[in-house]
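One structure below.
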Amino acid sequence: MNRCMLFYLIFLSIITLSCNTSNSTEKLFNERHRPQVHFSPAGNWMNDPNGLVFFEGEYHLFYQYYPDAKVWGPMHWGHAISTDLVHWQHLPIALYPDSLGYIFSGSAVIDYKNTSGLGKPEKPAMIAIYCYHSPVLEKAGKNNFQTQGMAFSLDKGRTWTKYSGNPIVPNLGIRDFRDPKVSWNGEINKWIMTLAAGDCVRFYSSDDLKKWSFESEFGKTFGAHGGVWECPDLIKMPVKGSNGESKWVLLVSINPGGPNGGSATQYFTGNFDGHQFTVDNEKIRWIDTGKDNYAGVTFSGIPENDGRFILIGWMSNWQYATNVPTSPWRSAMTFPRQMTLVREEGEYALISNPVEEIEQLRERKVTISQFIASKKKDLTKEVPFGLATIEIIADFSLPQSGTTSEFGFNLSNSKGENIEIGYNCQTKKFLINRINTGDSEFSRDFKGIHYSDEAVPGKTISMHLIVDVASVELFGQSGKIVMTDIFFPNEVFNNLSVYSKVGSVECKSVTLYKLNNIWNH
Ligand code: FRU
């Protein structure tokens, strides 16, 4: 082959290669059911968010990942970063299984004071504290197959070294002993680890992240107990609108036993004195009463001048997560949410709303002013863009009693499939009806109408929705009610209407935004 020919061939292959790559990237994030504004892995299995931490301008999202198949398997920590919480960049796998076991869920902190000695004061270490799950000990019939381990990174999470003294918290015989969430407690100048242990949580303290002392246990006689407790998080939150009051909030995921079946996340408000958590009351509360928000925890390392509590959850449910009809990946994360603690009628409650960074994704806007909907008011023609990935913000005025029994939004396609996101005027509860949303054969537990747990009476009902191809997140009454559901239509939902059962409802205004895809930037 002469030189010319060789150069020509090299040139041709470069062109073909780059065409292929761009085609495949495009195809990769445009598959059927692929979320456009929610984080998902390019391929294969994902579950819980792990190690959520902000450091030097980057939000880190690690996650339970099995890189070899679309079903749960030996767990790794996948990794992605974002500078704005909405656009994510996939990075190589951060943590691989080793001789101590698979890498289950956990958290990450920045050791600014170099308490561990693993970094340098001018170069703090990013430290991941996670659960080791030993399949060997499990198979051998032992009860102590879950222990806690630690790894550190000195290059902003890009490469990791496992700590030589692992495990840092041995297991004395509790079968479910996992998901350490670590945070710095400035009141006692120690690290506190909150760990799920069967049907309760355990608190441990440490000066250096390496040696841990057991402090106390909480929860055996409080909260929901329909399943095992997992992925806890303990945070101290200011009470909105108060005069400097703060409360401790404990998040605990539970599987099964959620309010609409399967997995869900409950929370407790109370006090933590550095040793023990005492709860305010016996009420069972959920951060989200849809079916698809699990294992959510908050970011650590958020700068004080920001001060937000930002939660990301796994947008699926163990009842059917391994069977959902997506390919080549499985599962997405919820949209990041800002959680706020409020006090109303003597009780503390969490409210959640999409982080304000969502505004960066708003590409086009339509506002539809006041109208009355009786039975059905079609809005499709008033929206000059596709409806697959949109944000809807609406206020409804409740009719006098006796008119409408239920109203809300209906998204549908030409195959007769649809989803309803509404409010029932009799029960005063929000709901998502996914009985007829398309593919649901993969699980008996999928179809259904899901209701918010609490009645929310009011003259005005507000709904803020993020609809993203195969999911909807509902923030009702400014985030007091949150519901997340996934769905799998056989054709994109491209029709939108306001429905009203029995009588009519007044819609005061609807604002719709087309949201930009987060991957093409
Ligand atoms: C929650 C969970 C965790 C565990 C991880 C394993 O979804 O069961 O308790 O660490 O998933 O992937």
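Residue 3 is where the sequence shown starts when you use our numbering, and the numbers rise one by one after that. Where a beta carbon is used, it is the ideal one built from N, C-alpha and C, also for glycine.
Alpha carbon of residue i to alpha carbon of residue j, nearest angstrom
i	j	result
Thr300	Lys449	30 Å
Asp201	Gly276	21 Å
Pro172	Phe154	19 Å
Ile394	Ser42	22 Å
Met77	Ile370	47 Å
Val512	Ala396	4 Å
Trp250	Asn273	5 Å
Tyr206	Ile421	45 Å
Gly303	Asp86	15 Å
Ser84	Ser185	22 Å
Ser445	Arg160	38 Å
Asp380	Asn497	8 Å
Gln428	Lys378	19 Å
His227	Asp447	20 Å
Met485	Phe337	12 Å
Ile520	Gly45	17 Å
Ser454	Glu232	22 Å
His452	Pro37	22 Å
Pro234	Ala199	10 Å
Lys213	Lys122	19 Å
Gly75	Tyr68	6 Å
Glu189	Gly292	36 Å
Glu508	Phe373	6 Å
Tyr61	His40	15 Å
Leu102	Lys125	28 Å
Phe64	Thr405	49 Å
Asp70	Asp209	38 Å
Thr271	Trp162	35 Å
Lys503	Phe409	6 Å
Arg204	Ile194	10 Å
Ser464	Ile286	24 Å
Ile360	Ser376	32 Å
Gly246	Asp282	18 Å
Gln148	Gly80	20 Å
Leu476	Leu197	30 Å
Lys72	Ser255	23 Å
Ile314	Leu252	15 Å
Gly478	Pro137	43 Å
Glu563	Asp50	Not covered by the structure: residue 563. The range shown for the chain is 3 to 523.
Ile289	Asp308	22 Å
Asp470	Ser442	18 Å
Asp178	Cys133	10 Å
Ser166	Gln150	13 Å
Ser414	Phe387	15 Å
Lys141	Lys482	44 Å
Beta-carbon spacing of residue i, residue j below 8 Å
i	j	result
Ser499	Asn412	yes
Met152	Ile176	no
Ser109	Gly53	yes
Ile434	Asp487	yes
Gln340	Ser354	yes
Met128	Phe224	no
Leu363	Asn518	yes
Tyr515	Arg345	no
Tyr104	His135	yes
Gly418	Phe489	no
Ala334	Val494	no
Leu93	Ala130	no
Leu352	Lys242	no
Gln66	Ser118	no
Ile392	Val357	no
Ser215	Gln278	no
Gly229	Asn191	no
Identity of the residues DSSP links to residue i by a beta bridge
i	result
Pro356	Arg339
Gln148	His135
Pro51	Tyr65
Thr300	Leu313
Arg529	Nothing about residue 529 can be read from this structure; the chain reaches only from 3 to 523.
Pro240	Ser248
Leu476	Leu467 and Met485
Ala226	DSSP lists no partner for Ala226.
Trp331	Asn46
Residue i beta carbon near the ligand ZN (any heavy atom closer than 7 Å)
i	result
Glu358	With respect to the ligand ZN, the structure shown offers nothing to examine, as its ligands consist of the ligand FRU.
Within the stretch 158 to 190, note down every full beta strand (DSSP E) run reaching 3 residues or more, in order along the chain.
179 to 187
Whole beta strand (DSSP E) runs in the stretch 441 to 469 with 3 or more residues, listed along the chain?
451 to 453
Is the stretch 456 to 476 touching the stretch 261 to 272 in the sense that three or more CB pairs, one from each, lie closer than 8 Å?
no
Please give the ranges of any beta strand (DSSP E) in the stretch 354 to 436, keeping only runs that are unbroken, at least 3 residues long and fully inside the region.
364 to 380, 391 to 399, 408 to 414, 420 to 426 and 431 to 435
Output the residue ranges of the beta strand (DSSP E) runs that lie fully inside the stretch 69 to 119 and measure 3 residues or longer, sorted by chain position.
78 to 84, 91 to 97 and 104 to 113
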